[in-house]
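Residue numbers (the working numbering), protein chains in the order written: chain R, 1 to 203; chain C, 204 to 404. From the three backbone atoms N, C-alpha and C, an ideal C-beta is built for every residue, glycine too. Since we're looking at a predicted model, the values are computed, not measured.
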Amino acid sequence: MNSTAMEPVMNSADPPWSGLVEQIRNGDSSALEQMYRIFSTGIRFYLCRQLGPQDLDDKVHDVFLIIVQSIQKGELREPERLMGYVRTIVRRQVAAQIDDNVKARRNQADLDFGMTLSDHHPNPERSAIEHQNAELAMRVLNSLPKRDREVLARFYLEEQPPARICREMDLTETQFRLIKSRAKARFGELGKTRFSRRNGFRS
Amino acid sequence: MYANCQVDEEEIERYATGAMPEGAIAPFEEHLLICESCQRRLAQTDIYVSAMRQASARLRTGPLKRGLPWLRFPRLVPALAGMAVVIVAAGLWLSRLDMGEAHPFAVDLAATRGAAIEAKAPAGRWLLLRLDLANLPASSGYRVEMVGRSGNRVWQAMVPARGSRADFKVPRTQPGVYFVRVYRPAGELLREYGFEVEGPR
Numbered sequence: 001m002n003s004t005a006m007e008p009v010m011n012s013a014d015p016p017w018s019g020l021v022e023q024i025r026n027g028d029s030s031a032l033e034q035m036y037r038i039f040s041t042g043i044r045f046y047l048c049r050q051l052g053p054q055d056l057d058d059k060v061h062d063v064f065l066i067i068v069q070s071i072q073k074g075e076l077r078e079p080e081r082l083m084g085y086v087r088t089i090v091r092r093q094v095a096a097q098i099d100d101n102v103k104a105r106r107n108q109a110d111l112d113f114g115m116t117l118s119d120h121h122p123n124p125e126r127s128a129i130e131h132q133n134a135e136l137a138m139r140v141l142n143s144l145p146k147r148d149r150e151v152l153a154r155f156y157l158e159e160q161p162p163a164r165i166c167r168e169m170d171l172t173e174t175q176f177r178l179i180k181s182r183a184k185a186r187f188g189e190l191g192k193t194r195f196s197r198r199n200g201f202r203s
Numbered sequence: 204m205y206a207n208c209q210v211d212e213e214e215i216e217r218y219a220t221g222a223m224p225e226g227a228i229a230p231f232e233e234h235l236l237i238c239e240s241c242q243r244r245l246a247q248t249d250i251y252v253s254a255m256r257q258a259s260a261r262l263r264t265g266p267l268k269r270g271l272p273w274l275r276f277p278r279l280v281p282a283l284a285g286m287a288v289v290i291v292a293a294g295l296w297l298s299r300l301d302m303g304e305a306h307p308f309a310v311d312l313a314a315t316r317g318a319a320i321e322a323k324a325p326a327g328r329w330l331l332l333r334l335d336l337a338n339l340p341a342s343s344g345y346r347v348e349m350v351g352r353s354g355n356r357v358w359q360a361m362v363p364a365r366g367s368r369a370d371f372k373v374p375r376t377q378p379g380v381y382f383v384r385v386y387r388p389a390g391e392l393l394r395e396y397g398f399e400v401e402g403p404r
C-alpha cells in the first residue's frame with residue numbers, strides 16, 4: 001500500500017528537446033508549430049482543471065507566448081528541462097490568475113451593496129452532468145454490499161489512508177484494490193457513452 | 204505522444220485525490236503535459252472521484268432525509284398515540300438535524316474553480332471544509348479565513364496541512380455566499396475558494 005515516488009516517464013519517444021529549443025531560439029517557425037502541437041493540449045488540460053473553462057483559448061495563447069518569449073530571451077538554460085520549464089510557467093500563470101480573481105472579488109466586495117457584478121451560478125449544463133454522474137455513482141453504490149460501500153465512502157469521502165481502511169475493515173490490499181476497481185469499472189460501464197462524448201478540456 | 208505510457212490507475216487516482224507524495228507531483232505533471240492518454244484518464248478519474256464523493260455523502264446523510272416524510276404525516280400515526288409520537292419524533296428529528304460539531308457536513312472545495320461557485324452546503328450545520336492545497340508553497344500550516352460575500356470576516360484559524368490537503372471544521376453559518384482564503388502564516392494571500400450555504404427550501 002506504500003505509495004512509491006513516480007519515476008520521470010521518459011523513453012525513446014521523447015522529443016529531442018535540445019534541438020527544438022535551439023530552433024525556437026533561432027526563430028524557426030516550424031519549431032514553434034511543433035512545440036504548440038506537443039504542449040497545447042496539455043497546457044489546455046492543466047489550465048482547465050485548475051481554473052475552469054472560462055477564456056481557455058486566450059489563457060493557452062498567453063502561456064504559449066510567455067514560454068516562447070522566455071526561450072528566445074535565453075531564460076531556459078537547460079534545454080533538456082523544457083517540460084519542467086513549461087510546467088513552472090503554467091503553474092505561475094495559474095497562481096497569477098487566482099490572484100487576479102481574488103483581487104477582482106475584493107474590488108467587487110468593495111463595490112457591492114446588493115448588486116451582482118458577475119454570475120456566480122454554475123453552468124446549467126455542467127451542473128446537470130455532475131448531477132447525472134452523482135446518480136450513476138449512487139446506482140453503483142446501491143448495487144454493492146454494505147461493506148464495500150463503507151470502504152468506498154471511507155476512501156473517497158473521508159479520505160482515510162488505504163492502510164487504515166484495510167486495518168480497520170480487515171481487508172487485504174488486494175481486496176481493497178478490487179473493491180475500488182470493480183466500482184470504478186461499473187461506473188465506467190454505466191457512463192460509457194457520456195465519457196466518450198464529454199471531455200470538457202477539449203477545444 | 205506516449206504509445207506505451209506506464210502510469211497506472213492508482214497513480215492517477217492518487218494525483219486526483221491529492222494523495223500523491225510531494226516529490227512525485229512534478230514528474231507526474233510534466234508527463235501529463237504531453238501524454239493525452241493520461242490527460243483523458245485523469246479527466247475520467249476526476250469525474251469519478253467527484254461523483255463518488257457526492258454519492259457517498261448523500262448515502263451517509265440518507266437516513267435523515269428518509270425520516271422526514273414520515274414526520275410530516277402524523278395522520279398515519281394511530282389517533283390516541285398521535286400527539287405523543289409526534290412530540291417524540293419531533294424531538295428525535297431536531298436532535299438529529301442539529302448534528303453539531305461531531306457530524307459536520309463535508310464540503311469539498313477542490314472542484315471550485317473559475318468564477319462559478321458550485322460547492323453547496325446546508326445552513327445551520329457545522330461544515331467540514333476540505334481544501335486542495337496542491338501547487339501552493341509548502342508549509343506545515345496555513346492561515347485560513349472565511350469571509351462573507353461583502354468581505355466581512357466570519358471565521359479564521361491556523362489550519363495544519365495534511366499532504367496537499369487541509370480539512371477543518373467551521374461552525375454553523377447563515378445562508379449566503381462565502382469565500383475561504385488561504386494565507387501563508389506570514390500573511391501572503393495564496394488562494395481563494397467560494398461556496399454557497401443554502402437556506403431551507
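Chain C has a Cβ within less than 8 Å of the Cβ of Asn101/R.
The continuous stretches of alpha helix (DSSP H) do not include Val210/C, and DSSP gives it neither H nor E. For Thr88/R, the closest C-alpha among the options Ile228/C, Val347/C and His306/C is that of Ile228/C. Scanning chain C for C-beta atoms nearer than 9 Å to the C-beta of Arg147/R yields nothing, as the closest lies near 13 Å away. Annotation for Arg394/C: the continuous beta strand (DSSP E) segment containing it runs Leu392 to Glu401. Within the same chain, Cβ atoms closer than 7 Å to the Cβ of Val362/C are found at Gly344, Tyr345, Val347, Ala369 and Phe371, the five residues on either side in sequence being excluded.
Nearest C-alpha to Leu339/C among Phe398/C, Val252/C, Arg394/C and Leu235/C: Arg394/C. Excluding sequence positions up to five before and after Ile179/R, its CB lies within less than 6 Å of the CB of Asp148 and Val151, all in the same chain and listed in chain order.
Non-local beta-carbon contacts of Ile66/R in its own chain, meaning distances under 6 Å to residues more than five positions away in sequence, involve Ile89 in chain order. Rounded to whole angstroms, the gap between the alpha carbons of Glu22/R and Ala360/C is 50 Å.
With a contact defined as Cβ atoms closer than 8 Å, Gly221/C and Gly366/C qualify at about 7 Å. Met349/C is bridged by DSSP to Trp358/C and Val383/C. Interface with chain C (8 Å Cβ-Cβ cutoff): Tyr46/R is included. No Cβ of chain R is located within less than 8 Å of the beta carbon of Ile215/C. Contacts between Tyr386/C and chain R, judged by CB atoms closer than 7 Å, are missing: the closest CB pair is about 11 Å apart. With at least 16 other beta carbons inside 10 angstroms of its own, Asn133/R counts as buried. Annotation for Leu236/C: the continuous alpha helix (DSSP H) segment containing it runs Glu225 to Ile237. Neighbours of Gln242/C in chain R, taken as residues whose beta carbon is under 8 Å from its own, are Thr41, Gly42, Phe45 and Phe201 in chain order. A Cβ-Cβ distance of about 15 Å is found for the pair Val310/C and Leu336/C, leaving them out of contact under the 8 Å criterion. Here Arg365/C is bridged, per DSSP, to Arg368/C.
Looking only at Ile165/R, Leu82/R and Gly19/R, the smallest Cα-Cα distance to Pro230/C is reached by Leu82/R.
Interface annotation, Phe176/R: not in contact with chain C, CB-CB separation never under 8 Å. The Cβ of Ala389/C sits no closer than 8 Å to any Cβ of chain R. Ranking Ile98/R, Phe64/R, Asp58/R and Glu78/R by CA distance to the CA of Val385/C puts Ile98/R first. Residue-level contact check: Thr220/C touches chain R, since one or more beta carbons of chain R fall below 8 Å from its beta carbon. Close to Ala324/C, with beta-carbon spacing below 8 Å, lies no residue of chain R; the smallest spacing is near 14 Å. Using a CB distance cut-off of 8 Å, Phe187/R counts as an interface residue toward chain C.
Proximity of Glu401/C to chain R, defined by a Cβ-Cβ separation below 8 Å, is not satisfied. According to the DSSP assignment, Leu331/C belongs to no alpha helix (DSSP H) but to the beta strand (DSSP E) extending over Leu330 to Asp335. Interface annotation, Val347/C: not in contact with chain R, CB-CB separation never under 8 Å. DSSP, read as helix, strand or coil, puts Pro162/R in helix. For a Cβ distance threshold of 7 Å, residue set Lys184 and Phe187 of chain R lies close to Tyr251/C, ordered along the chain. Counted as a single uninterrupted DSSP element, the alpha helix (DSSP H) harbouring Asp57/R occupies residues Leu56 to Gln72.
Ranked by Cα distance from Ala260/C, the first of Ala137/R, Gln50/R and Lys184/R is Ala137/R.
Taken through DSSP and simplified to helix, strand or coil, Pro325/C comes out as strand. Considering only Thr41/R, Tyr36/R and Phe155/R, the residue with the shortest C-alpha distance to Cys241/C is Thr41/R.
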